Amino acid sequence: MAKKDERRKNPILIEFAKKVRSRRYELGLTQEKLAEIAEFHVNFIGGIERATRNPSLISIVKLASALKINLRDLIPFK
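Numbering (my numbering) for the sequence shown: 2 to 79.
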């Protein structure tokens, strides 16, 4: 059974988190290194990957740039 907090997470944030984590793994980056490249605190990256943070558009653009990925491939459109 899913934890109580996980059931309340927004499905869009969950999908975004998976895409960020997957791309970070593909590039062989740690959360610390991604945070450094994107100029964020490591806790912010962790929150994004846990789908507990809802990043601003500016933050999403910075993440896409740091992850060398097109916004279209990072944002879960349906």
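Quick reminder that beta carbons are idealized off the backbone N, C-alpha and C, glycines included. This structure is a prediction, so every number in the text was calculated from the model and none was measured.
Query, Result
"Does residue 68 pass the burial test, meaning 16 or more other C-beta atoms within 10 Å, or should it be called exposed?", "buried"
"Is DSSP giving residue 44 helix, strand or coil here?", "helix"
"With a threshold of 8 Å, are at least 3 pairs of Cβ atoms found where one atom belongs to the stretch 46-54 and the other to the stretch 9-27?", "yes"
"Helix, strand or coil: how does DSSP classify residue 77 here?", "coil"
"If I measure Cβ to Cβ from residue 38 and keep anything under 7 Å in the same chain, skipping five residues before and after, which residues do I get?", "67"
"Given this structure, state the Cα-to-Cα distance separating residue 46 from residue 35, to the nearest angstrom.", "8 Å"
"Leaving aside the five residues before and after residue 55 along the sequence, list all residues of the same chain whose C-beta is less than 7 Å from its C-beta, in chain order.", "14"
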